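In what follows, a single structure is set out as structure tokens and then discussed.
In the working numbering, the protein residues as written are 154 to 301.
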């Protein structure tokens, strides 16, 4: 993998954390989300698409060197956290809830995340977390709609 592959796939190096690299990468995603204006759909959606494509490519290259779904690859968590927050009002409570719900689902791997988790390749590395991000987003949208 090139330097750029490593930089992207490790989430600017957060994936090299000796403790819970996926969680550290998820925290980076939240920090980026709180950059003023990042939560605008015209920023978030292109960012998700670009980093999903780029992440798929770089994760694939990293997997060839470091083995199946290496823990140092956290671009999948970053993209999934952003998906978790799509269409939600920018509130600290919702961001924290998204973070914890996503991390729980990423550990549990509900179907079809578990299907992708068993497969090799960059697309599977990305998709198992994308599924958990979509589930997180749906849970929070349902909470906002019905939970009041």
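The beta-carbon is built from N, C-alpha and C at its ideal position, and this holds for glycine as well.
Just so it is clear, the structure is predicted and the values come from calculations on it, not from any experiment.
- Could you check the C-alpha separation between residue 174 and residue 184 for me, to the nearest Å? Residue numbering aside, residue 174 sits at position 21 when the chain shown is read from its first letter. Residue numbering aside, residue 184 sits at position 31 when the chain shown is read from its first letter. The alpha-carbon atoms of residue 174 and residue 184 are separated by roughly 15 Å.
- So residue 274 and residue 216 are in contact, right, with Cβ under 8 Å, and what is the actual spacing, rounded? Mapped onto the chain shown, residue 274 falls at position 121. Mapped onto the chain shown, residue 216 falls at position 63. Rounded, the Cβ-Cβ distance is 7 Å, consistent with contact.
- Query: How about residue 250 and residue 295: do their beta carbons lie closer than 9 Å?
  - Reply: Here residue 250 refers to the residue found at position 97 of the chain shown. Here residue 295 refers to the residue found at position 142 of the chain shown. No, these two residues do not count as a Cβ contact at 9 Å.
- Message: So the candidates are 203, 255, 300 and 245; which of them puts its Cα closest to the Cα of residue 288?
- Response: As a first step, residue 288 must be located in the chain shown, where it is residue number 135. Answer by Cα proximity: 255.
- Would you call the segment 264-283 and the segment 211-228 touching, i.e. three or more CB-CB distances under 8 Å? yes
- Message: Restricting to runs no shorter than 4 residues, where is the alpha helix (DSSP H) found entirely within the segment 158-223?
- Response: 174-186 and 194-219
- residue 225 lies in the alpha helix (DSSP H); which residues open and close that run? The sequence position of residue 225 within the chain shown is 72, counting from 1. Per DSSP, residue 225 belongs to no alpha helix (DSSP H) and is neither H nor E.
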